[in-house]
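**Q**
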Amino acid sequence: MRFLGIGDSVELADLYLRLQTAGHAVRVRVAEAEAGDVLSGMLVKSDGPLIEDLAWVGKRHTGGVIVFEGVGHGAAAFLAIAWRWIEPSVSRCSMN
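Be aware that the sequence shown starts at 28, since it is given in the numbering used here, and climbs by one per residue.
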């Protein structure tokens, strides 16, 4: 299963590492630049467009979970997901 962590820092690092150890694919989005080096080399961190991470976590036949480290990040992901379903002809958009 794929897990995408979204937050200001890597507050759930232990959870992400345990998921990786259990064989799951994990990707983390970190908003705060100061937290960018936390567990560097141990976790895959993404700084690309959010829509690409959502596509990765939601790939068909693999299943996926989005973990929000804070409630403020849920709105951006929800809008990106809604946009993707509302406008299926739009293959890329630059939402961060």
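Don't be surprised by glycine CBs; every beta carbon is placed ideally from N, CA and C.
In chain order, which continuous runs of the alpha helix (DSSP H) of length 4 or greater are located wholly inside the segment 29-88?
**A** 40-48, 77-84
**Q** Please report the residue range of the beta strand (DSSP E) in which glycine 90 lies.
**A** No beta strand (DSSP E) contains glycine 90, which DSSP labels as neither H nor E.
**Q** Sorted by chain position, which residues of the same chain lie with C-beta nearer than 6 Å to valine 53's C-beta, five sequence neighbours on each side aside?
**A** Phe30, Tyr43, Leu46, Gln47
**Q** How many angstroms separate the CA atom of arginine 91 from the CA atom of glycine 97?
**A** Note that residue 91 corresponds to glycine in the displayed sequence, not to arginine. Each residue's Cα considered, the two are about 19 Å apart.
**Q** Which same chain residues, not among the five before or five after leucine 70, have their C-beta less than 6 Å away from its C-beta?
**A** Tyr43, Val55
**Q** Distance check for glutamate 59 and aspartate 41, CA to CA, integer angstroms please.
**A** 18 Å
**Q** Could you tell me which of Val94, Phe95, Pro76, Leu39 sits nearest to leucine 66, measuring between CA atoms?
**A** Residue Leu39 is the option with its Cα nearest to leucine 66.
**Q** Under the three-state reduction of DSSP, which class applies to asparagine 123: helix, strand or coil?
**A** Residue placement at asparagine 123 is flagged as unreliable, the pLDDT there being 44, under the threshold of 50; the coordinate-derived value follows with that caveat. Residue state, collapsed to three classes: coil.
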